[in-house]
């Protein structure tokens with residue numbers, strides 16, 4: 001049973017229009033194709049054949065399937081994008097319409113045609129490319145579990161990456177970051193991961209915001225008040241495993257920017273680009289434009305004289321510079337007195353410390369003088385005793401000793 005027949009269990013999850021190479025038999029032809037990603041991970045392609053521009057109002061558009069699913073991934077398909085043979089992101093085709101004929105009757109009878117601004121031709125909508133290489137494009141498919149890079153038209157899986165095992169991917173986008181393209185995913189564990197394209201090498205894995213914290217509880221920092229209605233509304237998204245509403249508010253864009261609904265009335269913006277974070281302070285805007293306060297109009301003399309009402313007075317008008325030249329006997333505040341007092345107290349402290357050192361030096365000199373005087377007295381006594389001893393034994397013979 002094909003995916004189109006199993007409608008009761010499988011549904012369409014995402015769509016992508018592109019001029020792609022899906023025919024292996026003719027790898028040089030690019031045809032308008034609708035790529036369909038289902039909830040069971042199947043990727044189905046449908047070719048769109050448009051008639052000529054002059055036959056557009058008479059012939060219908062023919063849409064045909066190219067068989068069963070090209071390949072199947074685990075989980076629902078979240079996003080699909082196309083890269084050229086050099087790995088550059090192919091932008092989505094868009095068309096602008098302009099009715100040059102101003103005849104109202106012809107405008108009613110004729111079905112307006114569209115002129116593509118992305119360079120896609122009309123007629124068979126096939127653009128032959130010189131056959132220089134086997135593969136012309138890469139299609140990047142990301143699901144809730146895996147990511148693959150498939151080469152076209154060979155439909156060979158050149159790179160694959162198992163993003164999560166037991167958890168799931170809430171949102172996945174292919175964005176341009178600086179000079180390259182990468183796959184950015186928000187996981188149910190609250191982590192943000194990024195992979196290079198087309199090689200699917202891990203570039204980033206950081207903890208951001210757990211999915212269970214998106215309960216939209218408004219808590220007061222001081223009182224801890226919780227709004228029960230917002231709490232119930234947020235918890236239902238987690239309890240019922242209804243992550244579609246959260247995934248709709250969570251989105252990524254080029255240059256590493258992201259956005260999600262933080263509360264029912266608040267939008268939170270974030271980025272994974274460090275260069276942008278460094279420039280964020282310079283990019284902060286102001287809610288109001290700064291303006292100088294205008295001067296109040298001058299009051300006339302007669303209105304102030306005969307008004308009779310209460311008029312507010314400013315302190316500066318009575319005692320400030322605007323009151324006029326002050327009297328000489330009026331004390332005037334001299335700025336910088338606190339500094340002078342501090343310096344004076346510091347100088348007084350230094351002088352007291354020097355005086356204390358001088359006193360200590362004098363005490364030490366007095367002690368030294370006393371010691372010298374005592375030594376001199378002891379020396380004189382010793383000299384006298386030695387002289388007396390010498391006189392005692394001077395006239396005695398050796399045998400009288």
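Residue numbers (full-length UniProt numbering): 1 to 401. Don't be surprised by glycine CBs; every beta carbon is placed ideally from N, CA and C. Since the structure is predicted, the reported quantities are computational estimates derived from the model, not experimental observations.
- Query: What is the rounded straight-line gap between the Cα of residue 43 and the Cα of residue 172?
  - Reply: Put simply, the backbone Cα of residue 43 is about 16 Å away from that of residue 172.
- What distance in whole Å lies between the Cβ atoms of residue 163 and residue 140, which are believed to be in contact at a cut-off of 8 Å? With a Cβ gap of about 13 Å, residue 140 and residue 163 do not count as contacting.
- Message: Quick test of your reading: residue 144 and residue 169, contact by CB under 8 Å. State the CB separation rounded to the nearest angstrom.
- Response: Separation of the CB atoms of residue 144 and residue 169 is rounded to 5 Å, and the pair is thereby assigned contact status at 8 Å.
- Message: I need the straight-line Cα distance from residue 201 to residue 10, nearest angstrom please.
- Response: Taking the straight line joining both Cα atoms gives about 31 Å.
- State the Cα-Cα distance for the pair residue 45 and residue 88, rounded to the nearest angstrom. Roughly 22 Å separates the two Cα atoms.
- Query: CA-CA distance, residue 49 and residue 22?
  - Reply: The C-alpha of residue 49 lies about 14 Å from the C-alpha of residue 22.
- Task: Measure the Cβ-Cβ separation of residue 192 and residue 272 and say whether it is below 9 Å.
- Result: Remark: C-beta atoms of residue 192 and residue 272 approach each other more closely than 9 Å.
- Message: I'd like to know whether the C-beta atoms of residue 13 and residue 78 end up nearer to each other than 9 Å.
- Response: For residue 13 and residue 78, yes; Cβs fall inside 9 Å.
- Excluding five sequence neighbours on each side, which residues of the same chain lie with their C-beta closer than 8 Å to the C-beta of residue 119? Its pLDDT being 38, under 50, residue 119 is placed unreliably in this model, and the coordinates cannot settle the point.
- Item | Spatially closest choice to residue 179 from 254, 28 and 211, by CA coordinates | Among 254, 28 and 211, the Cα nearest to that of residue 179 belongs to 254.
- Message: Taking the alpha helix (DSSP H) that residue 376 belongs to, which residues open and close that run?
- Response: Residue 376 -> alpha helix (DSSP H) spans 337-392.
- Task: Report the residue from 81, 346, 383 and 287 whose alpha carbon sits nearest the alpha carbon of residue 150.
- Result: Of 81, 346, 383 and 287, the smallest CA-CA separation from residue 150 is found for 81.
- Message: Considering only their Cβ atoms, is the gap separating residue 90 from residue 18 smaller than 9 Å?
- Response: Yes. Within cutoff.
- Distance, residue 167 Cα to residue 147 Cα: Here the alpha carbons of residue 167 and residue 147 stand approximately 14 Å from one another.
- With a floor of 4 residues, list each alpha helix (DSSP H) that falls wholly inside the segment 147-221, ordered by position along the chain. If we require 4 residues or more, the segment 147-221 turns out to have no alpha helix (DSSP H) run fully inside it.
- Give, in chain order, every unbroken run of the beta strand (DSSP E) that is at least 3 residues long and sits entirely within the segment 35-101. Taken in chain order, the whole beta strand (DSSP E) runs of length 3 or more contained in the segment 35-101 are 42-49, 62-65 and 77-84.
- 6 Å Cβ shell around residue 252 - same chain, five flanking residues per side excluded: Closer than 6 Å at the Cβ level, and outside the excluded window around residue 252, lie 173, 175, 184 and 258.
- What do you get for residue 340, buried or exposed, if any count of 16 or more other CB atoms within 10 angstroms of its CB means buried? So residue 340 ends up on the exposed side.
- What whole-angstrom Cβ distance do residue 188 and residue 211 have, given they're in contact under 8 Å? Going by Cβ atoms, the distance from residue 188 to residue 211 rounds to 5 Å, so yes, they are a contact pair.
- Item | Closest by C-alpha distance to residue 264, when choosing among 369, 249 and 395 | Relative to the Cα of residue 264, the nearest Cα in the group 369, 249 and 395 belongs to 249.
- Task: Quick one: using the 10 Å Cβ neighbour count with 16 as the cut-off for buried, is residue 345 buried or exposed?
- Result: Exposed: under 16 other Cβ atoms inside 10 Å.
- Taking just the CA atoms, how far does residue 285 sit from residue 262? If you take the alpha carbons of residue 262 and residue 285, they lie about 21 Å apart.
- Leaving out five residues on either side along the sequence, give the residues of the same chain with a beta carbon under 6 Å from the beta carbon of residue 288. Hits under 6 Å: none found.
- Where residue 356 and residue 350 are concerned, what is the direct C-alpha to C-alpha distance, given to the nearest angstrom? Roughly 10 Å between the two C-alpha positions.
- Task: Use the C-beta contact count for residue 71: other C-beta atoms within 10 angstroms, 16 or more gives buried, fewer gives exposed.
- Result: When all chains shown are included, residue 71 counts as exposed.
- Have a look at residue 65 and residue 137 and give me their C-alpha separation to the nearest angstrom. Rounded to whole angstroms, residue 65 to residue 137 spans 20 Å at the Cα level.
- Query: Span of the alpha helix (DSSP H) holding residue 299?
  - Reply: Unbroken run through residue 299: none, as it is neither H nor E.
- Message: Rounded to the nearest angstrom, what separates residue 361 and residue 352 at their Cα positions?
- Response: Computed Cα separation, rounded: 14 Å.
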